[in-house]
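Okay, so the sequence shown: first residue is 44 according to my numbering, each after it adds one.
Where is the CB? At the ideal position from N, CA and C, for every residue including glycine.
Only one structure is covered here, and it is reproduced in the block below.
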Amino acid sequence: MATQYVTLSCLWSLANLLPRVSETLDRIERSGIKQLCSVLPLDDPIWSQQTLPTIADADALFKEHAISLVCRAAKGAIREWGGSMYDISHVIAVTSTNTANPGFDITLCSTLGLRPTVHRTLLYGLGCAGGLSALRIAYDLLAGAALQGLPARALVVLCDLPTLFARAELHRINVDQEVGFGMSRFSDGASAVVLTNWIGPTVLERGPIWNLLGFRSVIIKESEGYSELSIGPFGFKAIMSTFIPRLVSSELLSNFTALINSVPGLRSDNTRDLPNSYNWASDFPGRSALKFAQGALDLKKSNLSHSDTVYRSRGSTISCSVLNILNYMRHHGKGGDYVANGRNKVIALAIGPGVILELAVLHKASTADLRYAAHCWEW
C-alpha cells in the first residue's frame, strides 16, 4: 500500500471548498472511511496549485510513482513464494488509472529482471473487478499449461493511483454543484500475488495459502450506463449510479449458485449452497452497499466483517481491494491455519464498469494438503 495517509479533514483544508464539495466529503466520512492512501505527499503542489493537473500531468505522476510501488508489492510476493524469478512464466498486470502505451508491465518486467520471453497480459478498464479478472485469467493460463504437462508460475500485479485525479474531481463537483462519491473515495495501492499450477515444484517454493476453485464473470443485464469511467483533459471522470447496489444485489444469489454448482470439488460439501457458510471478500461500492448484499444473500455481519474493516481503513483501492481483503483474512483468522471466523471457504466478489460482476470461490489451504493444490497464490 502507499504510505501517505490523507485524512478527510486534511482534504478539506487543502482545497478551497464550497458547500457541494464539503457535502461530498462529509458523505464519504459518514460512509465509514477513516482515511485515504495516496502516493502524493500532503505538501505536493498538486493539492494547492492554481491550475488543475492535466491528464498529461497525471500520466507523468503515474509513471513516477507506480513502478516503485508495484515493484515493492511484486518483490514481496516473490520473496514469500520462495521460487526463482526465472521460473515466472506469466505476468498479468492490471490498472484502471493509466492508459499509456507501452503499459507499466514492460517497465516492471525489466526492473524485476524477469525473462524477456515471459508471457505478458495487460488488463485495463475493469475498475474494481480488475483484481478478480486477473486471477481468473491467470487461473486459465496455468490450467492450459497444466494440460500440456508444463510447469507455470504467474505473477499477478495490480496498481491503481486514483488520488492523482482527486483535485480535478473536487473541482468538478464544485463546478457542477453535484454531490457524489466519484473518484474521491478511492485510495492508491498496489498488490501482487504468485500463482502456480504446482507442476515441477522446487524445495524453495512454499505451500499455498489459498486454493482457487472456480470463477464466474457476468455482464449484468440492462446495466449499460450505470458505471463508466470516461477520460477528459483533466483525467478520469467516474459515473457510478446509486442504483448499482440494488441492481447487482438482485443478481447475486443466482450467480452465487451457478458458481458453486460449477465447482466439482464442492459437490460433497453439504453446506455449499448456503451463502453464509462462506466468508465474503466483497468490494461492493460502499458500506451501505454491503448491506444490500447482506440482505440478498441472508449473510451475517461476520460474513462481511473483513470486507467492512478493510473498507473503513482506506476506502476502495480499486483493482487491489479484493486482494487486500483476502490478505487481511489470512492474518486475522483462528487457529494455526488462520481460518477466519471458523470458515475455510471464501467467496470473492467485485463489480466493475459495464456493469460487470466477478465472482470467485477459494478454499483456505490446510497444513495437511500444502503440496497438492492445483492453484495457489502468495503475497
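Assigned secondary structure, residue i (DSSP; H/G/I helix, E/B strand, else coil)
| i | result |
| --- | --- |
| Arg259 | strand |
| Glu248 | coil |
| Thr352 | helix |
| Ala403 | strand |
| Arg70 | helix |
| Glu271 | strand |
| Leu184 | helix |
| Leu238 | strand |
| Ala211 | helix |
| Asn387 | coil |
| Asp326 | strand |
| Ala177 | helix |
| Asp86 | coil |
| Asp312 | coil |
| Gly338 | helix |
| Leu95 | coil |
| Ala417 | Residue placement at Ala417 is flagged as unreliable, the pLDDT there being 32, under the threshold of 50; the coordinate-derived value follows with that caveat. Looking at Ala417 - three-state DSSP - the assignment turns out to be coil, as it is neither helix nor strand. |
| Gly379 | Note that Gly379 has pLDDT 44, beneath the 50 cutoff, so the model's placement of it is unreliable and the number below is only indicative. The answer is coil: DSSP assigns Gly379 none of H, G, I, E or B. |
| Val306 | coil |
| Ala286 | Correcting the residue identity first, residue 286 is Phe in this sequence and not Ala. Reduced to three states, the DSSP call for Phe286 is coil. |
| Gly119 | helix |
| Ala189 | helix |
| Arg196 | strand |
| Ala393 | strand |
| Asp100 | helix |
| Asp231 | coil |
| Ala109 | helix |
| Ala281 | strand |
| Asn319 | helix |
| Arg65 | Position check: residue 65 holds Ser in this sequence, whereas Arg was assumed. Ser65: helix per DSSP, three-state reduction. |
| Leu79 | strand |
| Leu201 | strand |
| Ala408 | coil |
| Ser266 | coil |
| Asn254 | strand |
| Val49 | At Val49, the pLDDT of 48 sits below 50, so the modelled position is not reliable; the number obtained from the coordinates is stated separately. Residue state, collapsed to three classes: strand. |
C-beta atoms of residue i and residue j nearer than 7 Å
| i | j | result |
| --- | --- | --- |
| Glu401 | Ala120 | no |
| Val291 | Leu198 | no |
| Ile89 | Asp203 | no |
| Ile390 | Val404 | yes |
| Asn254 | His406 | yes |
| Arg357 | Gly75 | no |
| Ala117 | Ala235 | yes |
| Leu342 | Pro318 | yes |
| Val306 | Leu247 | no |
| Gly243 | Leu201 | no |
| Trp124 | Val218 | no |
| Arg163 | Asp183 | no |
Contact belief for residue i with residue j at Cβ below 8 Å, rounded distance in angstroms
| i | j | result |
| --- | --- | --- |
| Ser266 | Gly397 | 7 Å |
| Ile98 | Ile216 | So it is not a contact: roughly 18 Å between Cβ atoms. |
| Ile252 | Ser270 | Incorrect: roughly 31 Å between the Cβ atoms, too far for contact. |
| Thr239 | Arg196 | 5 Å |
| Pro96 | Phe279 | In fact, because the Cβ distance is near 12 Å, the residues do not count as touching under 8 Å. |
| Leu207 | Leu104 | 5 Å |
| Arg373 | Tyr321 | Contact flag wrong, Cβ pair sits at about 15 Å. |
| Leu296 | Ala336 | About 10 Å; that fails the 8 Å criterion. |
| Gly268 | Ala408 | Not confirmed; about 41 Å, so no contact. |
| Asp102 | Ala143 | 6 Å |
Any non-hydrogen atom of the ligand COA within 6 Å of residue i CB
| i | result |
| --- | --- |
| Ile303 | Among the components of this structure there are no ligands whatsoever, and the ligand COA is therefore not found. |
**Item:** Touching by the beta-carbon criterion (3+ pairs, under 8 Å), the segment 226-240 and the segment 80-98
**Value:** In this structure the segment 226-240 lies against the segment 80-98, because at least three pairs of beta carbons, one per stretch, are closer than 8 Å.
Quick test of the definition: if touching needs 3 or more C-beta pairs under 8 Å, does the segment 130-138 touch the segment 160-168? The segment 130-138 is in contact with the segment 160-168.
With contact counted as at least three CB pairs below 8 Å, one residue from each stretch, are the segment 174-182 and the segment 108-128 in contact?
Counting Cβ pairs under 8 Å, fewer than three are found: no touch.
Across the segment 252-261 and the segment 298-311, are there enough close Cβ pairs to call them in contact, namely three or more that are closer than 8 Å? Per the Cβ contact rule, the segment 252-261 is in contact with the segment 298-311 (3 or more Cβ pairs under 8 Å).
request  = Scan the segment 123-172 and note each continuous alpha helix (DSSP H) run of 4 residues or more that stays entirely inside, going in chain order.
outcome  = Entirely contained in the segment 123-172, the alpha helix (DSSP H) runs reaching 4 residues are, in chain order, 147-155.
- prompt: Using 8 Å as the threshold, is the segment 118-132 in touch with the segment 142-160, meaning 3 or more CB pairs across them?
  reply: As far as the Cβ criterion goes, the segment 118-132 touches the segment 142-160, which means the pair count is three or higher.
- prompt: Taking contact to mean at least 3 C-beta pairs separated by less than 8 Å, is the segment 314-325 in contact with the segment 361-375?
  reply: They touch, by the three-pair rule.
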